[in-house]
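For the record, in the sequence shown the residue sitting at position 126 is 134 according to the working numbering, with numbers rising by one throughout. Note that CB positions come from ideal geometry on N, CA and C, so glycine has one too. Bear in mind that the values here come from a model prediction, so they are computed numbers and not experimental data. A short worksheet on the structure shown next.
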Amino acid sequence: MKQVTVRLVGVLTVATMLIASVVLGGSKSDAARFKGATVDAIEKSLVMALKSPSPGVQASASQVIRDLKGLLPEEKFSLVTIPLMGIVKDENADAAVRIVAALALHDLESGMGDFAIERTAQFTDNERMKHVCLWLTYERLRETTGITTQTFAQN
């Protein structure tokens, strides 16, 4: 178990360093290095990290997903959707980890992920998680329908 956690932390560290090198010292052409097999390998490593029993590893993986999605918005990162949904819906998971996972799921802009966030907002017992998921649901509704705060207040 300890060996798996150490391996996952190592993979996350490498992924974070790759992201940092592109973001801090790179240009648009540097993002081209993250194509094909590299993105697939990183995504598979992130799935392993999301399934880790360590809350810290799960939270780090969720943040790396958010960072990667910001760097590569055209990528779907579909392999991580189900593990992120599992964390978001797990009432026994740490609330902070659930929130970071919900933010990552929201950033992926997948229908399944948005549905999981919406349902978590309705059915969770954790008030903080409910609040965050409600706002993420509202934000997605605003993005997809073009509703503004003024329009919402008028109705």
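Asked                                                                                                                                                                           : Found
With contact counted as at least three CB pairs below 8 Å, one residue from each stretch, are the stretch 72–81 and the stretch 127–138 in contact?                             : no
Would you give the residue range spanned by the alpha helix (DSSP H) that residue 84 belongs to?                                                                                : Neither: residue 84 is in no alpha helix (DSSP H) and is coded neither H nor E.
Within this structure, are the beta carbons of residue 96 and residue 58 separated by less than 8 Å?                                                                            : no
With distances taken from CA atoms, which of 104, 76, 75, 124 is nearest residue 91?                                                                                            : 124
Excluding the 5 residues preceding and the 5 following residue 137 in the sequence, name in chain order all residues of the same chain whose CB lies nearer than 7 Å to its CB. : 103, 106, 107, 128
Where does residue 155 fall in DSSP's three states?                                                                                                                             : coil
Run the CB neighbour count on residue 155, radius 10 Å, all protein chains shown included, and call it buried at 16 or more, exposed below.                                     : exposed
Compute the distance between the beta-carbons of residue 85 and residue 51, then report whether it is under 8 Å.                                                                : yes
Can you give me the C-alpha to C-alpha distance between residue 120 and residue 142, rounded to a whole angstrom?                                                               : 16 Å
Could you have a look at residue 101 and say whether DSSP puts it in helix, strand or coil?                                                                                     : coil
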